[in-house]
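S.K.:
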Amino acid sequence: MAEITLSHYLVLSMVLFGLGLVGVAVRRNAIIMMMSVELMLNAANLTLVAYSHHHGVASGQVVAFFVMALAAAEAAVGLALLLAVYRHLRTVNIDEMRQLRR
Amino acid sequence: MEAITFWILAAGTTMSAAAVVLPPFGRNPVHAAFALASTLFFLACLFVMLSATFLAAIQILVYASAIMVLFVFVIMLLNLRKADLGEVRITGMKVVTAMAILLLVGKVVKVAWTGSHGAAASASLRSGPDFDAIGSVGDLLFRQFLLPFEMTSVLLLVAVIGAVVVARRRFGRGVE
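Here the protein sequences come in this chain order: A and B. Read in order, the letters of the first sequence are residues 1023 to 1124 in the numbering used here. Read in order, the letters of the second sequence are residues 25 to 200 in the numbering used here.
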């Protein structure tokens, strides 16, 4: 309780990642699933920044910066796909997207 | 003082992340989006605590603003009614999945906790005033990581073009 160490940040990041994973696995709303993916990416970022701080090296922050750029690209393309799918099927529930399964 | 701040921020992060994911709170996508925005804000505060001030600024500018605006815009464009959201069905399969993931997280947390309390890692986080976040990040970005940095711009360009092409209104009319 007294001192905040690296493992505190690692555990917080793992909890965040687990919440994101639960969101992707359990929720059926595609928007919420994408938000959960963002949560997982942020958990990875927190780990990177915590290690970067722990070792006093800034390259972890640079990698986290790249992750953010990647997340922006992923969100743009993913949400565009979601819009296209919604125009087609009038739903964002992924249980109803089973055209390839038939 | 640092410990108290960390615990407050950690609790805020965890609770708002749970509000994104868990069905009773995150049923409405708009509520989930706001919960996600507050999670990202709390994470930016944690980045400040880890003396990553540049990343904290980028987190607020890119994540909590730009990406969240994108999400909220898409939610607005989809214009979902209550019926479209569907019921929250808690099936046995979902419960088992969630339990398995929580078990996995618990295991990893245990390993992280016991493993990094060893000799090297138990030292408290360094926070020297000489740790110049923006300067060192910029230096690395434009020297060692110059090629990935330029590739990122190509990636973003491809993503923008791809998003416009995919989300175009008449996309796939001939395919139907």
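We put the beta carbon where it would ideally sit given N, CA and C, even for glycine. Since the model is a prediction, treat every value here as computed from it, not as a measurement.
1) Using alpha carbons as the reference points, say which of GLU1118/A, HIS1110/A, LEU1105/A and LEU1063/A lies closest to PHE97/B.
2) Measuring CA to CA, which of ILE158/B, ILE114/B and ALA34/B is closest to THR63/B?
3) Specify, as a first and last residue, the run of the alpha helix (DSSP H) that ASP1117/A falls within.
4) For a contact meaning CB atoms closer than 7 Å, what does SER160/B contact in chain A?
5) Check the Cβ of ALA1098/A against every Cβ in chain B and list those closer than 7 Å, keeping chain order.
6) Checking contacts by CB at 8 Å: is VAL129/B closer than that to chain A?
7) Check the Cβ-Cβ distances between LEU1111/A and every residue of chain B, and say whether any is below 8 Å.
8) Going by the CB atoms, is the gap between GLY1040/A and SER1058/A shorter than 8 Å?
9) Do LEU1068/A and SER1035/A have their beta-carbon atoms positioned less than 8 Å apart in this structure?
10) If I'm right that SER177/B touches HIS1075/A with Cβ under 8 Å, what's the distance once you round it to whole angstroms?
11) If you follow the alpha helix (DSSP H) that ARG1112/A is in, where does it begin and where does it stop?
12) Is there at least one Cβ from chain A nearer than 8 Å to ILE84/B's Cβ?
13) Give the straight-line distance between the Cα atoms of VAL1033/A and PHE30/B, rounded to the nearest whole angstrom.
14) Considering just the uninterrupted stretch of the alpha helix (DSSP H) at TYR1031/A, what are its terminal residues?
15) Could you tell me which chain A residues have their CB closer than 7 Å to the CB of PHE30/B, listed as they occur along the chain?
16) If you draw a straight line from the alpha carbon of VAL183/B to that of VAL54/B, how long is it in whole angstroms?
17) Verify whether the separation of the beta carbon atoms of GLU1060/A and ALA1086/A is less than 8 Å.
18) Once the 5 residues before and after GLY159/B are set aside, which same chain residues still bring their CB inside 8 Å of it?
19) With a threshold of 8 Å between beta-carbons, can ALA157/B be considered close to chain A, or not?
20) Tell me the rounded alpha-carbon separation between GLY130/B and ARG192/B.
21) Establish whether the CB of ALA1066/A and some CB of chain B are separated by less than 8 Å.
22) Roughly how far, in whole angstroms, is the beta-carbon of GLY1078/A from the beta-carbon of MET1062/A, given that I think they are within contact range, below 8 Å?
23) Is the separation between the beta-carbon of ALA43/B and that of ALA59/B shorter than 8 Å?
24) If you draw a straight line from the alpha carbon of GLN83/B to that of SER89/B, how long is it in whole angstroms?
M.R.: The relevant details are as follows:
1) On the second sequence, residue 97/B is found 73 positions in, with the first residue counted as 1. Comparing Cα-Cα distances from PHE97/B to each of GLU1118/A, HIS1110/A, LEU1105/A and LEU1063/A, the minimum goes to LEU1105/A.
2) Counting from 1 along the second sequence, the entry for residue 63/B is found at position 39. When each option's Cα is compared against that of THR63/B, the closest is ALA34/B.
3) Residue mapping note: residue 1117/A aligns to position 95 of the first sequence, counting from 1. Under the DSSP assignment, ASP1117/A falls outside any alpha helix (DSSP H); it carries neither an H nor an E label.
4) Counted from its first residue, the second sequence places residue 160/B at position 136. Under the 7 Å cutoff, chain A gives ALA1080.
5) In the first sequence, residue 1098/A corresponds to position 76, counting from 1. Neighbours of ALA1098/A on chain B, chain order: LEU94, ALA183, VAL184 and ALA187.
6) Sequence index remark: in the second sequence, residue 129/B carries index 105 (1-based). Taking Cβ atoms only, chain A reaches closer than 8 Å to VAL129/B, which makes this a yes.
7) Your numbering for residue 1111/A matches position 89 in the first sequence. Output row for LEU1111/A: interface = no.
8) Here the question's residue 1058/A lines up with position 36 in the first sequence. Here the question's residue 1040/A lines up with position 18 in the first sequence. Not a contact, by the Cβ cut-off of 8 Å.
9) For this step, residue 1035/A is matched to residue 13 along the first sequence. For this step, residue 1068/A is matched to residue 46 along the first sequence. Yes, they are a contact pair.
10) If you number the second sequence from 1, residue 177/B lands on position 153. If you number the first sequence from 1, residue 1075/A lands on position 53. Not really, about 27 Å apart at Cβ, beyond 8 Å.
11) Working through the first sequence from its first residue, we reach residue 1112/A at position 90. It is not in any alpha helix (DSSP H) - ARG1112/A carries neither H nor E in the DSSP assignment.
12) On the second sequence, residue 84/B is found 60 positions in, with the first residue counted as 1. No, because no Cβ of chain A sits closer than 8 Å to the Cβ of ILE84/B.
13) Taking the first residue of the first sequence as 1, we reach residue 1033/A at position 11. Taking the first residue of the second sequence as 1, we reach residue 30/B at position 6. Answer to the nearest angstrom: the Cα atoms are 13 Å apart.
14) As a first step, residue 1031/A must be located in the first sequence, where it is residue number 9. Here the alpha helix (DSSP H) through TYR1031/A covers 1028-1048.
15) Locating residue 30/B in the second sequence gives position 6, where the first residue counts as 1. Here the neighbours are ILE1026 and HIS1030.
16) Here residue 183/B refers to the residue found at position 159 when the second sequence is read from its first residue. Here residue 54/B refers to the residue found at position 30 when the second sequence is read from its first residue. In the sequence as displayed, the identity of residue 183/B is Ala instead of Val. Cα to Cα, the separation comes out at about 24 Å.
17) Within the first sequence, residue 1060/A is the residue found at index 38, counting from 1. Within the first sequence, residue 1086/A is the residue found at index 64, counting from 1. The answer is no: Cβ separation not under 8 Å.
18) Taking the first residue of the second sequence as 1, we reach residue 159/B at position 135. Excluding positions up to five away in sequence, the list is empty.
19) Within the second sequence, numbered from 1, the residue matching residue 157/B stands at position 133. Output row for ALA157/B: interface = yes.
20) By one-based count along the second sequence, residue 130/B stands at place 106. By one-based count along the second sequence, residue 192/B stands at place 168. Rounded to whole angstroms, GLY130/B to ARG192/B spans 44 Å at the Cα level.
21) By one-based count along the first sequence, residue 1066/A stands at place 44. Answer no: the Cβ-Cβ gap between ALA1066/A and chain B never drops below 8 Å.
22) Sequence index remark: in the first sequence, residue 1078/A carries index 56 (1-based). Sequence index remark: in the first sequence, residue 1062/A carries index 40 (1-based). So it is not a contact: roughly 27 Å between Cβ atoms.
23) Position 19 of the second sequence, counting from 1, holds the residue named residue 43/B. Position 35 of the second sequence, counting from 1, holds the residue named residue 59/B. Yes, the pair counts as a contact, with Cβ atoms nearer than the cut-off.
24) For the purposes of this step, residue 83/B is identified with residue 59 of the second sequence, where counting begins at 1. For the purposes of this step, residue 89/B is identified with residue 65 of the second sequence, where counting begins at 1. So the two alpha carbons sit approximately 8 Å from each other.
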